[in-house]
Every structure is written in structure tokens, then in C-alpha cells.
Amino acid sequence: MTGRLFVKNSILLFLLIVVGCQTTAQENECSKYPKPIGHVNDFEAVLTSEEISQLETYLREYEGISTVELAIVTTKSFEPDTSLFDYSLNLANCWGVGKASDNNGVLIAISMKQRAVRIQLGTGLEDVFTDEEAQVVVDEYLIPHFKKGLVYKGIRVSLSEIFKQLLPLQDE
2 MTGRLFVKNS ILLFLLIVVG CQTTAQENEC SKYPKPIGHV NDFEAVLTSE EISQLETYLR
62 EYEGISTVEL AIVTTKSFEP DTSLFDYSLN LANCWGVGKA SDNNGVLIAI SMKQRAVRIQ
122 LGTGLEDVFT DEEAQVVVDE YLIPHFKKGL VYKGIRVSLS EIFKQLLPLQ DE
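Read in order, the letters of the sequence shown are residues 2 to 173 in our numbering.
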């Protein structure tokens, strides 16, 4: 009987150590990224405070009717030897964008300085909004407006297009 108790306790201790190491590894990974301020995180300072406020309201309202959580981040740079895809995926995971049970987050990552844009989608959205459709939004709405210096308008129009794509989720 004592032997079984020892084995059970040993297994429990091992599992606690493994989970603790994974949590510590994720915390170390996440410490590389800035902490989120809200739905709109303009670390590159390309938006006015009024534009940020309007986008915050727009995103909160949409989340209220759809449960899809969207975040926007502008960043001057991301790690060397890291693609914006990897940066935005890791950032979305570290920030917990979207509902964990639904994996329904959307992160729009923008680096004006590095001339890079990515719409990162949670896997729970794949049936209604694909990576290919997200790239169309980047190519047809974000980039053309950004080239004209219209960052806020590009984001706002792109959000409208994303919301149209995600419309079926509002009916559920």
C-alpha cells in the first residue's frame, strides 16, 4: 500500500514539475512582448488618441455582439530572424486574444517602419474567414490606405471587411 502511494505521489510531483516548466517557458516567451494596453496597442504611435478611442469602442461593440475578440498592434520592430507571422502568432497567444475555448481571436499586426502587415486568425475562425481572405483584406484595404498615409482609415475599412466575413458568427 505504501508503495502505491509513493508511486502516485511521484507521478503527481512529476506532472506538477512538467506543468510548472511549461508555464515558466511560456512566461519567458511572453516576456519578450509588450503588455497589451487594450484592444488597440499603438506602440508605433501612428494613430491619434481620438482614433484609438474610436477603434476601442468599435472593437468592444463588435465583441459584444459576436464574441470574437480583435486586437490591433502597431510595432516599430519585431525580433530579428522572426517573421511577422511568427511575431503576431506568438503575440496573440501570449496576450490571449480571443476566447480560449473557441480560439476565435483576430490580431492585426502592423509595422509601418518595417512595411509589414499581418492579420492573424484563431483556428476557430477557419470555417468563416480563411488566411487567404485575410490576405485579400491586407492587399485591398490596408496596404492601399497605408501607402496614402491613411492608417486609421485603412484599419477602419479593413475592420468593416473583417466583420462582414465574420457575420455568420453573429447569428449563432
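The C-beta atom is built at its ideal place from N, Cα and C for all residues, glycine as well.
In the three-state reduction of the DSSP assignment, Val-139 falls in the helix class.
Using a Cβ distance threshold of 8 Å, Lys-114 and Glu-45 count as a contacting pair. Per DSSP, reduced to three states, the secondary structure at Ser-112 is strand.
In this structure, the alpha-carbon of Tyr-142 lies about 12 Å from that of Arg-119.
Around Phe-164, the same chain offers Tyr-63 as residues with beta carbons nearer than 7 Å, after the five sequence neighbours per side are excluded. Of the candidates Tyr-34, Lys-33, Ser-32, Ile-53, the residue whose Cα lies closest to the Cα of Ile-156 is Ile-53. For Glu-162, the enclosing alpha helix (DSSP H) stretches over residues 152-166. The shortest CA-to-CA distance from Gln-121 to any of Asn-91, Asn-29, Ser-50, Glu-57 is the one to Asn-91.
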